[in-house]
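What follows is a single structure, written as C-alpha coordinates, with notes after it.
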Amino acid sequence: MIRAPDIERFYMVHPGPVAARRIEWAGSRLVEATGHIDGAGRSLLDVIAAFAVAHGVKSGTGRISDCALTATRFTTGGPARDGKAANYTYIRDLGAGHLPWGTFSYGRTPDGAPFVHCHARVEAQGIAQPAGGHLFPADCMVEGEPKIDLCGLPDIDLVQMPDAETLHSVFEVEEGSRDRNTEALFVRVRPNEDVTHAVEAACRAAGITDADIAPSLGSLNAPALTGAGRDRRALAHVGMEALAFTGTVRGGRAALDVIAVDEAGNPHEGRLARGLGPVCVTAEIALVRR
1 MIRAPDIERF YMVHPGPVAA RRIEWAGSRL VEATGHIDGA GRSLLDVIAA FAVAHGVKSG
61 TGRISDCALT ATRFTTGGPA RDGKAANYTY IRDLGAGHLP WGTFSYGRTP DGAPFVHCHA
121 RVEAQGIAQP AGGHLFPADC MVEGEPKIDL CGLPDIDLVQ MPDAETLHSV FEVEEGSRDR
181 NTEALFVRVR PNEDVTHAVE AACRAAGITD ADIAPSLGSL NAPALTGAGR DRRALAHVGM
241 EALAFTGTVR GGRAALDVIA VDEAGNPHEG RLARGLGPVC VTAEIALVRR
(Lines of atoms letter the chains of each structure in order from A; the text may use other names.)
(Lines give C-alpha, C1' and ligand atoms only; values in the text may rest on other atoms or scores of the structure.)
Protein backbone atom coordinates (compact mmCIF):
# COMPACT_ATOMS: atom_id res chain seq x y z
CA MET A 1 0.00 0.00 0.00
CA ILE A 2 1.02 3.62 -0.47
CA ARG A 3 2.37 5.14 2.75
CA ALA A 4 4.78 7.70 1.29
CA PRO A 5 5.65 10.21 4.05
CA ASP A 6 4.37 13.28 2.22
CA ILE A 7 0.91 11.79 1.69
CA GLU A 8 0.67 9.86 4.94
CA ARG A 9 -1.93 12.29 6.24
CA PHE A 10 -4.13 11.56 3.22
CA TYR A 11 -4.14 7.79 3.75
CA MET A 12 -7.86 7.02 3.91
CA VAL A 13 -9.13 4.59 6.53
CA HIS A 14 -12.41 3.18 5.28
CA PRO A 15 -15.00 1.81 7.72
CA GLY A 16 -14.92 -1.84 6.64
CA PRO A 17 -12.33 -4.63 6.69
CA VAL A 18 -9.39 -4.11 4.33
CA ALA A 19 -9.64 -6.57 1.44
CA ALA A 20 -6.58 -8.77 1.01
CA ARG A 21 -6.40 -8.37 -2.78
CA ARG A 22 -5.67 -4.76 -3.67
CA ILE A 23 -5.28 -5.05 -7.45
CA GLU A 24 -7.58 -7.21 -9.56
CA TRP A 25 -7.23 -7.76 -13.28
CA ALA A 26 -8.64 -9.81 -16.12
CA GLY A 27 -7.78 -10.10 -19.79
CA SER A 28 -10.10 -10.13 -22.77
CA ARG A 29 -10.43 -9.93 -26.50
CA LEU A 30 -11.07 -6.39 -27.67
CA VAL A 31 -14.12 -5.12 -29.54
CA GLU A 32 -13.74 -1.49 -30.57
CA ALA A 33 -16.70 0.43 -31.96
CA THR A 34 -17.40 4.09 -32.70
CA GLY A 35 -20.67 5.66 -33.75
CA HIS A 36 -23.66 7.81 -32.96
CA ILE A 37 -26.83 6.55 -31.32
CA ASP A 38 -30.27 8.16 -31.18
CA GLY A 39 -31.05 9.26 -27.63
CA ALA A 40 -34.78 9.50 -28.33
CA GLY A 41 -35.60 10.55 -24.77
CA ARG A 42 -33.84 7.57 -23.22
CA SER A 43 -31.62 7.72 -20.17
CA LEU A 44 -27.85 7.88 -20.48
CA LEU A 45 -27.77 4.40 -18.94
CA ASP A 46 -30.10 3.02 -21.62
CA VAL A 47 -28.22 4.73 -24.46
CA ILE A 48 -24.83 3.32 -23.45
CA ALA A 49 -26.31 -0.13 -22.78
CA ALA A 50 -28.04 -0.18 -26.17
CA PHE A 51 -24.79 0.70 -27.95
CA ALA A 52 -22.90 -2.04 -26.10
CA VAL A 53 -25.58 -4.65 -26.79
CA ALA A 54 -25.63 -3.70 -30.47
CA HIS A 55 -21.94 -4.58 -30.62
CA GLY A 56 -22.26 -7.80 -28.68
CA VAL A 57 -20.39 -6.92 -25.50
CA LYS A 58 -21.52 -7.28 -21.88
CA SER A 59 -18.67 -5.28 -20.30
CA GLY A 60 -16.22 -2.59 -21.22
CA THR A 61 -15.26 1.04 -20.98
CA GLY A 62 -15.80 3.96 -23.29
CA ARG A 63 -16.10 7.64 -23.99
CA ILE A 64 -19.27 9.58 -24.73
CA SER A 65 -19.14 13.01 -26.34
CA ASP A 66 -21.39 15.80 -27.55
CA CYS A 67 -24.27 14.49 -25.45
CA ALA A 68 -27.26 16.81 -24.98
CA LEU A 69 -29.46 16.22 -21.93
CA THR A 70 -32.97 17.30 -21.00
CA ALA A 71 -32.37 16.29 -17.37
CA THR A 72 -28.93 16.45 -15.73
CA ARG A 73 -27.98 14.90 -12.40
CA PHE A 74 -24.42 14.69 -11.10
CA THR A 75 -22.33 15.06 -7.96
CA THR A 76 -18.77 15.42 -6.76
CA GLY A 77 -16.79 13.59 -4.10
CA GLY A 78 -15.66 14.89 -0.75
CA PRO A 79 -15.24 14.30 2.97
CA ALA A 80 -16.93 11.69 5.12
CA ARG A 81 -20.57 11.46 6.08
CA ASP A 82 -23.13 8.70 6.64
CA GLY A 83 -20.47 6.45 8.15
CA LYS A 84 -18.30 6.44 5.03
CA ALA A 85 -14.75 7.73 4.77
CA ALA A 86 -15.59 9.51 1.50
CA ASN A 87 -18.95 10.28 -0.02
CA TYR A 88 -20.85 12.31 -2.55
CA THR A 89 -21.22 15.93 -1.56
CA TYR A 90 -23.36 18.33 -3.58
CA ILE A 91 -25.85 16.42 -5.71
CA ARG A 92 -27.01 18.73 -8.45
CA ASP A 93 -30.40 18.16 -10.10
CA LEU A 94 -30.52 20.37 -13.15
CA GLY A 95 -32.57 20.67 -16.28
CA ALA A 96 -31.13 20.86 -19.76
CA GLY A 97 -27.41 20.26 -19.93
CA HIS A 98 -24.60 19.15 -22.18
CA LEU A 99 -21.72 16.71 -21.78
CA PRO A 100 -18.79 17.78 -23.97
CA TRP A 101 -17.26 14.43 -23.07
CA GLY A 102 -17.35 11.76 -20.41
CA THR A 103 -15.82 8.41 -19.53
CA PHE A 104 -17.73 5.30 -18.52
CA SER A 105 -17.39 1.71 -17.40
CA TYR A 106 -20.18 -0.63 -18.46
CA GLY A 107 -21.33 -3.87 -16.83
CA ARG A 108 -24.30 -5.24 -14.93
CA THR A 109 -25.98 -5.46 -11.55
CA PRO A 110 -26.18 -8.83 -9.74
CA ASP A 111 -29.66 -9.43 -11.21
CA GLY A 112 -28.42 -8.87 -14.76
CA ALA A 113 -29.64 -5.32 -15.41
CA PRO A 114 -27.16 -3.03 -17.21
CA PHE A 115 -25.13 -0.65 -15.06
CA VAL A 116 -22.99 2.33 -16.04
CA HIS A 117 -20.38 4.18 -13.97
CA CYS A 118 -19.84 7.55 -15.66
CA HIS A 119 -17.76 10.67 -14.94
CA ALA A 120 -18.07 13.65 -17.25
CA ARG A 121 -17.56 17.32 -17.94
CA VAL A 122 -20.89 19.06 -17.45
CA GLU A 123 -22.31 22.25 -18.91
CA ALA A 124 -25.66 23.46 -17.57
CA GLN A 125 -27.31 26.67 -16.55
CA GLY A 126 -26.72 27.51 -12.91
CA ILE A 127 -23.28 25.93 -12.44
CA ALA A 128 -19.87 27.50 -12.77
CA GLN A 129 -17.91 26.56 -15.87
CA PRO A 130 -16.07 24.39 -16.38
CA ALA A 131 -17.44 21.72 -14.06
CA GLY A 132 -17.57 17.97 -13.84
CA GLY A 133 -18.26 15.00 -11.63
CA HIS A 134 -19.95 11.66 -11.12
CA LEU A 135 -23.15 11.27 -13.13
CA PHE A 136 -26.31 9.37 -12.24
CA PRO A 137 -26.87 7.81 -15.70
CA ALA A 138 -30.38 6.50 -14.99
CA ASP A 139 -31.51 10.05 -14.15
CA CYS A 140 -29.81 11.84 -17.06
CA MET A 141 -32.17 12.01 -20.04
CA VAL A 142 -30.59 12.20 -23.48
CA GLU A 143 -31.69 14.00 -26.61
CA GLY A 144 -30.07 14.03 -30.01
CA GLU A 145 -27.39 11.59 -31.13
CA PRO A 146 -24.33 11.48 -28.88
CA LYS A 147 -21.12 9.88 -30.08
CA ILE A 148 -19.82 6.78 -28.31
CA ASP A 149 -16.35 5.24 -28.53
CA LEU A 150 -16.56 1.77 -27.01
CA CYS A 151 -13.72 -0.40 -25.72
CA GLY A 152 -15.65 -3.66 -25.43
CA LEU A 153 -14.27 -6.47 -23.25
CA PRO A 154 -16.44 -9.48 -24.14
CA ASP A 155 -14.56 -12.00 -21.98
CA ILE A 156 -14.94 -10.06 -18.73
CA ASP A 157 -17.95 -9.89 -16.43
CA LEU A 158 -18.11 -6.61 -14.50
CA VAL A 159 -20.70 -6.72 -11.73
CA GLN A 160 -21.68 -3.76 -9.57
CA MET A 161 -21.44 -5.09 -6.00
CA PRO A 162 -21.53 -3.64 -2.49
CA ASP A 163 -17.96 -3.24 -1.22
CA ALA A 164 -17.49 -4.16 2.44
CA GLU A 165 -14.37 -2.01 2.79
CA THR A 166 -15.68 1.33 1.52
CA LEU A 167 -19.48 0.81 1.89
CA HIS A 168 -19.84 1.98 -1.71
CA SER A 169 -20.99 -0.19 -4.62
CA VAL A 170 -18.24 -0.74 -7.17
CA PHE A 171 -17.52 -2.88 -10.20
CA GLU A 172 -16.03 -6.24 -9.26
CA VAL A 173 -14.20 -8.38 -11.82
CA GLU A 174 -16.22 -11.61 -11.74
CA GLU A 175 -14.79 -13.44 -14.71
CA GLY A 176 -11.96 -13.05 -17.14
CA SER A 177 -9.19 -14.76 -18.97
CA ARG A 178 -5.74 -15.12 -17.42
CA ASP A 179 -4.30 -15.81 -20.86
CA ARG A 180 -1.07 -13.83 -21.16
CA ASN A 181 -1.82 -13.21 -24.87
CA THR A 182 -5.05 -11.27 -24.38
CA GLU A 183 -5.61 -8.10 -26.40
CA ALA A 184 -6.89 -5.96 -23.54
CA LEU A 185 -6.78 -5.76 -19.78
CA PHE A 186 -9.20 -4.43 -17.17
CA VAL A 187 -7.64 -3.45 -13.85
CA ARG A 188 -9.63 -2.65 -10.71
CA VAL A 189 -7.56 -0.83 -8.05
CA ARG A 190 -8.61 -0.64 -4.39
CA PRO A 191 -8.20 2.28 -1.95
CA ASN A 192 -4.79 3.74 -1.06
CA GLU A 193 -2.98 1.93 -3.88
CA ASP A 194 -1.03 4.13 -6.28
CA VAL A 195 -2.62 4.01 -9.73
CA THR A 196 0.66 4.11 -11.68
CA HIS A 197 2.24 1.31 -9.67
CA ALA A 198 -0.97 -0.74 -9.83
CA VAL A 199 -1.08 -0.55 -13.63
CA GLU A 200 2.53 -1.70 -13.83
CA ALA A 201 1.88 -4.59 -11.43
CA ALA A 202 -1.13 -5.79 -13.42
CA CYS A 203 0.80 -5.56 -16.69
CA ARG A 204 3.66 -7.62 -15.23
CA ALA A 205 1.20 -10.28 -14.06
CA ALA A 206 -0.42 -10.37 -17.49
CA GLY A 207 2.87 -10.42 -19.39
CA ILE A 208 2.27 -7.03 -21.01
CA THR A 209 5.18 -4.66 -21.56
CA ASP A 210 3.55 -2.13 -23.91
CA ALA A 211 -0.02 -0.84 -23.80
CA ASP A 212 -2.14 2.26 -24.22
CA ILE A 213 -4.61 3.40 -21.57
CA ALA A 214 -8.14 3.07 -22.95
CA PRO A 215 -11.07 5.05 -21.46
CA SER A 216 -10.64 4.80 -17.68
CA LEU A 217 -11.95 6.53 -14.55
CA GLY A 218 -11.93 6.40 -10.76
CA SER A 219 -11.36 8.54 -7.67
CA LEU A 220 -8.22 9.86 -5.97
CA ASN A 221 -7.11 11.25 -2.63
CA ALA A 222 -4.87 14.32 -2.71
CA PRO A 223 -2.79 13.29 -5.73
CA ALA A 224 0.40 15.07 -6.74
CA LEU A 225 0.53 16.18 -10.38
CA THR A 226 3.47 17.21 -12.49
CA GLY A 227 3.36 19.65 -15.38
CA ALA A 228 5.32 20.13 -18.58
CA GLY A 229 8.18 21.72 -16.66
CA ARG A 230 8.27 18.80 -14.22
CA ASP A 231 6.99 21.10 -11.48
CA ARG A 232 4.95 19.19 -8.91
CA ARG A 233 1.82 20.42 -7.22
CA ALA A 234 0.06 18.51 -4.45
CA LEU A 235 -3.73 18.74 -4.41
CA ALA A 236 -5.21 18.77 -0.91
CA HIS A 237 -8.61 17.46 -2.03
CA VAL A 238 -10.01 14.11 -0.91
CA GLY A 239 -12.47 12.06 -2.94
CA MET A 240 -11.54 13.69 -6.25
CA GLU A 241 -13.45 12.25 -9.18
CA ALA A 242 -11.07 11.27 -11.98
CA LEU A 243 -12.98 12.09 -15.15
CA ALA A 244 -10.37 10.37 -17.28
CA PHE A 245 -7.05 8.59 -17.04
CA THR A 246 -4.94 8.54 -20.20
CA GLY A 247 -1.40 7.48 -20.96
CA THR A 248 0.84 4.59 -21.91
CA VAL A 249 2.88 1.66 -20.68
CA ARG A 250 6.21 1.32 -22.45
CA GLY A 251 8.79 -1.26 -21.49
CA GLY A 252 6.72 -2.04 -18.40
CA ARG A 253 6.80 1.54 -17.11
CA ALA A 254 3.51 3.43 -16.93
CA ALA A 255 2.93 7.16 -17.41
CA LEU A 256 -0.60 8.28 -16.54
CA ASP A 257 -2.23 11.65 -17.04
CA VAL A 258 -5.46 12.54 -15.27
CA ILE A 259 -8.24 15.09 -15.39
CA ALA A 260 -9.84 15.15 -11.93
CA VAL A 261 -12.35 17.47 -10.26
CA ASP A 262 -12.45 18.66 -6.68
CA GLU A 263 -15.46 18.98 -4.39
CA ALA A 264 -16.61 22.13 -6.20
CA GLY A 265 -16.34 20.45 -9.60
CA ASN A 266 -13.26 22.43 -10.64
CA PRO A 267 -10.87 20.53 -12.95
CA HIS A 268 -7.21 19.76 -12.27
CA GLU A 269 -5.04 18.24 -14.98
CA GLY A 270 -1.55 16.80 -15.16
CA ARG A 271 0.75 13.77 -15.01
CA LEU A 272 0.31 11.64 -11.88
CA ALA A 273 3.52 11.71 -9.86
CA ARG A 274 4.77 8.16 -9.33
CA GLY A 275 3.74 6.84 -5.93
CA LEU A 276 1.58 9.90 -5.25
CA GLY A 277 -1.69 8.96 -6.93
CA PRO A 278 -3.62 7.06 -4.23
CA VAL A 279 -7.07 5.66 -5.02
CA CYS A 280 -9.95 6.91 -2.89
CA VAL A 281 -12.70 4.31 -3.50
CA THR A 282 -11.90 2.59 -6.79
CA ALA A 283 -10.07 3.01 -10.08
CA GLU A 284 -11.18 1.22 -13.24
CA ILE A 285 -8.37 1.11 -15.76
CA ALA A 286 -8.62 -0.43 -19.23
CA LEU A 287 -5.50 -1.11 -21.29
CA VAL A 288 -5.00 -2.16 -24.89
CA ARG A 289 -1.89 -4.20 -25.66
CA ARG A 290 0.48 -2.67 -28.24
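According to the working numbering, the sequence shown holds residues 1 to 290 in order. Cβ atoms here follow ideal geometry from the backbone N, Cα and C, with glycine treated the same way. Every value quoted in this text rests on a predicted model; they were computed, and no experiment measured them.
| Check | Outcome |
| --- | --- |
| Contact the region 63-81 vs the region 255-263: 3+ CB pairs below 8 Å | yes |
| contact_flag[the region 97-104, the region 29-36] where n(CB pairs < 8 Å) is 3 or more | no |
| Inter-residue Cα distance where the pair is ARG22 and THR70 | 39 Å |
| LEU45 beta carbon less than 8 Å from that of ALA138 | yes |
| N- and C-terminal bounds of the beta strand (DSSP E) containing ASP93 | 92-94 |
| GLU284 vs LEU217 beta-carbon contact at 8 Å | yes |
| ILE64 to LYS147 span [Cα, whole Å] | 6 Å |
| Backbone secondary structure at PRO292 - three-state DSSP | Missing from the structure shown is residue 292; the chain here goes from 1 to 290 and no further. |
| Pair within 8 Å by beta-carbon distance, ASP149 and GLY62 | yes |
| Distance, ARG190 Cα to GLU24 Cα | 8 Å |
| Inter-residue Cα distance where the pair is ALA273 and ARG232 | 8 Å |
| Those residues which DSSP pairs with TYR88 across a bridge | GLY77 |
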